[in-house]
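Chemist: Using our numbering, read the sequence shown as starting at 2 and increasing by one per residue.
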Amino acid sequence: MLQDLLGAAAVVAAGGLVYLGAAARVVKQYERGVVLRLGRLRGQVRSPGFTMVVPAVDRLRKVNMQIVTMPIPAQEGITCDNVTVRVDAVVYFRVVDAAAAIINVEDYRFAVSQMAQTSLRSIIGKSELDDLLSNREKLNEGLELMIDSPAIGWGVQIDRVEIKDVSLPDTMKRSMARQAEADRERRARIINADAELQASKKLAEAAKEMSEQPAALQLRLLQTVVAVAAEKNSTLVLPFPVELLRFLEKAQQPLPQPAPQEPQHKPQQQPTLPPSPQPPSDDEDDVDE
């Protein structure tokens with residue numbers, strides 16, 4: 002009798018262990034558990050930790066609540082300015098409602114992927130090439146709104162959408178390279194023209210200063226001679242200074258004669274002498290006789 006009781010107890014214990022093993026579940030920290038009893042949603046979502054279900058009656062489905070990084074395959078489309086491009090992107094999303102992710106959609110990952118691809122093609126058709134290349138922040142925001150609107154009903158929240166790469170045809174790449182080169186050449190010419198304008202203004206100011214100061218012109222001449230001589234040229238041509246020519250011209254001109262000056266004092270008057278008596282001539286002697 003005792004042996005029968007011990008055998009029954011052992012069977013019950015073994016059955017209890019089997020039941021406990023079949024009913025025990027462990028939900029991880031980054032997961033949530035959704036229990037379906039006979040196909041219907043049972044109670045609240047199970048939190049992380051140890052939980053129990055009814056074997057063969059309840060079914061526990063675990064949902065990952067971590068952020069999922071999903072790459073979007075490259076989509077080919079034509080922009081509104083008739084340029085064929087291939088664009089790929091990446092979507093960051095996470096589940097915020099585990100029950101809705103299980104009940105409202107068959108496979109929320111596949112649904113998000115398909116919605117992201119169609120939204121990306123729609124964005125390509127509504128955008129211009131310049132926007133795809135330089136204004137990606139605005140396109141990312143628009144793409145995020147397009148995906149997030151239906152994803153809310155699936156218990157999914159779109160955190161961020163990023164356009165990764167924009168592939169262009171080879172002909173378009175060459176055209177853009179030529180355009181960029183022409184733009185750089187235009188900017189270089191404008192910069193050179195501005196530099197020449199400023200240099201001409203400075204040279205005009207320097208010429209004005211040197212014309213007022215001949216010594217400065219001579220100093221500049223000496224500096225030029227020193228710079229040319231430092232280049233070890235076999236022939237050195239020295240310019241003849243114009244100032245020296247002007248100096249020689251002035252030296253060859255006759256000096257003006259000074260005007261005669263009047264004496265400042267009157268000359269002394271000589272005393273007048275009485276006329277001396279003249280001797281009588283021969284005619285007078287003949288008359289007297």
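Backbone N, C-alpha and C define an ideal beta-carbon position, used for all residues, glycine too.
Between the alpha carbons of Leu18 and Val12, how many angstroms are there, rounded?
Modeler: Locating residue 18 in the sequence shown gives position 17, where the first residue counts as 1. Locating residue 12 in the sequence shown gives position 11, where the first residue counts as 1. Leu18 and Val12: Cα-Cα distance of roughly 10 Å.
Chemist: Looking at the structure shown, is Tyr109 part of a helix, part of a strand, or coil, going by DSSP?
Modeler: Start at 1 with the first residue of the sequence shown, and residue 109 comes out as number 108. If DSSP states are grouped into helix, strand and coil, Tyr109 belongs with the helices.
Chemist: What does Met53 pair with, by DSSP beta-bridge criteria?
Modeler: Position 52 of the sequence shown holds residue 53. Note: Met53 sits in a beta bridge opposite Ala25.
Chemist: Round the Cβ separation of Ala10 and Val64 to the nearest angstrom and send it over; I've been treating them as touching at under 8 Å.
Modeler: On the sequence shown, position 9 is the one that residue 10 refers to. On the sequence shown, position 63 is the one that residue 64 refers to. Not confirmed; about 40 Å, so no contact.
Chemist: Where do the N-terminal and C-terminal ends of the beta strand (DSSP E) with Gly78 fall, by residue?
Modeler: For this step, residue 78 is matched to residue 77 along the sequence shown. Gly78 -> beta strand (DSSP E) spans 69-79.
Chemist: Could you pull out every residue in the same chain whose Cβ sits closer than 8 Å to the Cβ of Met53, ignoring the five residues on either side in sequence?
Modeler: Start at 1 with the first residue of the sequence shown, and residue 53 comes out as number 52. Result list for Met53: Ala24, Ala25, Arg26, in chain order.
Chemist: Tell me whether Glu142 is buried or exposed, calling it buried when 16 or more other Cβ atoms sit within 10 Å of its Cβ.
Modeler: The residue labelled residue 142 in the question sits at position 141 within the sequence shown. Exposed: under 16 other Cβ atoms inside 10 Å.
Chemist: How long is the line joining the alpha carbons of Leu169 and Leu130, rounded to whole angstroms?
Modeler: Translated into positions along the sequence shown, residue 169 becomes position 168. Translated into positions along the sequence shown, residue 130 becomes position 129. Each residue's Cα considered, the two are about 10 Å apart.
Chemist: Mark Lys267 as exposed unless 16 or more other C-beta atoms lie within 10 angstroms of its C-beta, in which case mark it buried.
Modeler: Stepping through the sequence shown from its first residue, residue 267 is reached at position 266. For Lys267, the pLDDT reaches just 48, beneath the cut-off of 50, and the residue's location in the model is therefore unreliable, although a value from the coordinates is still provided. Lys267 is exposed by the Cβ-count criterion.
Chemist: Among Pro74, Arg47, Arg122, which has the Cα closest to the Cα of Tyr31?
Modeler: The sequence position of residue 31 within the sequence shown is 30, counting from 1. Looking at the Cα atoms, Arg47 is the closest of the given residues.
Chemist: For Met66 and Arg161, I'd like the C-alpha separation in whole angstroms.
Modeler: Taking the sequence shown and counting its residues from 1, the one referred to as residue 66 is at position 65. Taking the sequence shown and counting its residues from 1, the one referred to as residue 161 is at position 160. Each residue's Cα considered, the two are about 16 Å apart.
Chemist: Using the Cα positions of Leu308 and Val96, report the straight-line distance between them to the nearest angstrom.
Modeler: Residue 308 cannot be examined here, being either before or after the span of the chain that is shown, 2 to 290.
Chemist: So, is Asp293 buried or exposed, given that buried needs 16 or more other C-beta atoms within 10 angstroms?
Modeler: Residue 293 cannot be examined here, being either before or after the span of the chain that is shown, 2 to 290.
Chemist: Can you give me the start and stop residues for the alpha helix (DSSP H) that Gln45 sits inside?
Modeler: In the sequence shown, the residue the question calls residue 45 occupies position 44. Run containing Gln45: none; DSSP gives neither H nor E here.
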